[in-house]
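Protein chains in written order, with my numbering: chain V, 105 to 215; chain G, -16 to 97. Just so it is clear, CB atoms sit at the ideal spot from N, CA and C, and this is done for glycine as well. Predicted model only: the values in this text are computed from it and were never measured. Written below as structure tokens is the structure these notes are about.
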């Protein structure tokens, strides 16, 4: 089983739709979680951290489910500009800090 | 604030040549990561440093790859000799407190080996 798994997609959704991505991780010692966004031919950029209690940033909501070992990203009212690949990042702490990126989920928002 | 700076942005060279990629991390960051990204394999961690010391180089594909960090503000990734299968985008990233804080990526170096 991969350490971090994401559905590669693509997810094709109409403008205004709500879309959700999940990211599962295998190591229960994982303690630090992030979502990144990567546009075509660009570098990954931090979208948001994921906190235990869940957190929201505008149209974006991130949640952590430790029992089932997954994190999620919800995008409400999708915009064309949201089209990108979304990468989850999981880190095992403390001590040796193993940071693992998922392979990404591609989102295409359609007019 | 200056972000992570990588050079060159693009490199095209012939098979067998030595390639050197450079990275300047964000000032104050104590972790530096080198990644390689291809369509087939996605983003792969090659090596990372903590306080200029290599911690994990298990992702370095072969002995042809080497990385150094002589000081807190500079790192290099070298490929010698280069091969066509090394063609990829190479990213450098830095962070503070390792995995506790998010990594910040440079623009990447697009490497093509002919």
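Quiz item: chain V beta carbons: is any one of them nearer than 9 angstroms to that of residue 19 of chain G?
Solution: For this step, residue 19 of chain G is matched to residue 36 along the second chain. It does not; no Cβ of chain V falls within 9 angstroms.
Quiz item: If you count every other CB in all the chains shown that lies within 10 Å of the CB of residue 50 of chain G, and 16 or more means buried, which is it?
Solution: Residue numbering aside, residue 50 of chain G sits at position 67 when the second chain is read from its first letter. The residue is buried, with at least 16 neighbouring Cβ atoms inside 10 Å.
Quiz item: Do you know whose CA, among V/184, V/135, V/119 and V/153, lies nearest residue 171 of chain V's CA?
Solution: Along the first chain, read from residue 1 onward, the residue named residue 171 of chain V stands at position 67. Minimum Cα distance to residue 171 of chain V is reached at V/135.
Quiz prompt | Beta-carbon contacts of residue 120 of chain V that lie in its chain and below 7 angstroms, excluding the five residues immediately before and after | solution = In the first chain, counting from the first residue as 1, residue 120 of chain V sits at position 16. Within its own chain, the residues whose Cβ lies closer than 7 angstroms to the Cβ of residue 120 of chain V, once the five positions on either side in sequence are excluded, are 181 and 182, listed in chain order.
Quiz item: Below 8 angstroms, can you find three or more Cβ-Cβ pairs linking the stretch 67 to 83 of chain G to the stretch -9 to 9 of chain G?
Solution: These segments touch.
Exercise. Identify the continuous beta strand (DSSP E) that holds residue 9 of chain G and give its terminal residues.
Key: In the second chain, the residue the question calls residue 9 of chain G occupies position 26. Unbroken run through residue 9 of chain G: none, as it is neither H nor E.
Exercise. Whole angstroms is fine: what's the gap from residue 150 of chain V's alpha carbon to residue 196 of chain V's?
Key: Here residue 150 of chain V corresponds to residue number 46 of the first chain, with the count starting at 1. Here residue 196 of chain V corresponds to residue number 92 of the first chain, with the count starting at 1. Their backbone Cα atoms lie some 18 angstroms apart in a straight line.
Quiz item: Any chance the stretch 46 to 64 of chain G sits against the stretch -15 to -5 of chain G, with 3 or more Cβ pairs inside 8 angstroms?
Solution: Judged by Cβ distances under 8 angstroms, the stretch 46 to 64 of chain G makes no contact with the stretch -15 to -5 of chain G, as fewer than three pairs qualify.
Quiz item: residue 110 of chain V lies in the beta strand (DSSP E); which residues open and close that run?
Solution: Here residue 110 of chain V corresponds to residue number 6 of the first chain, with the count starting at 1. Residues 108 to 110.
Quiz prompt | Proximity below 9 angstroms, CB of residue 95 of chain G to CB of residue 85 of chain G | solution = Locating residue 95 of chain G in the second chain gives position 112, where the first residue counts as 1. Locating residue 85 of chain G in the second chain gives position 102, where the first residue counts as 1. Cβ distance not < 9 angstroms, so residue 95 of chain G and residue 85 of chain G don't count as in contact.
Quiz item: If you compare alpha carbons, which of G/92, G/81 and G/91 is closest to residue 13 of chain G?
Solution: As a position in the second chain, residue 13 of chain G is number 30, starting the count at 1. The shortest C-alpha separation from residue 13 of chain G is found at G/81.
Exercise. Taking C-beta pairs closer than 7 angstroms, name the residues in chain V that residue 83 of chain G reaches, listed in chain order.
Key: Walking along the second chain from the start, residue 83 of chain G turns up at place 100. Within chain V, the residues near residue 83 of chain G are 136 and 197.
Quiz item: Which residues in the same chain as residue 42 of chain G place their Cβ atom closer than 7 angstroms to its Cβ, once the five residues preceding and following it in sequence are excluded?
Solution: Here residue 42 of chain G is taken as the residue at index 59 of the second chain, counted from 1. So the list reads 27, 28, 29 and 30, once near-sequence residues are dropped.
Exercise. Inspect the beta-carbon positions of residue 139 of chain V and residue 191 of chain V and report whether they are closer than 9 angstroms.
Key: Residue mapping note: residue 139 of chain V aligns to position 35 of the first chain, counting from 1. Residue mapping note: residue 191 of chain V aligns to position 87 of the first chain, counting from 1. A contact, by the Cβ cut-off of 9 angstroms.
Quiz item: Do residue 127 of chain V and residue 189 of chain V have their C-beta atoms within less than 9 angstroms of each other?
Solution: Along the first chain, one-based indexing puts residue 127 of chain V at 23. Along the first chain, one-based indexing puts residue 189 of chain V at 85. Going by C-beta atoms, residue 127 of chain V is not nearer than 9 angstroms to residue 189 of chain V.
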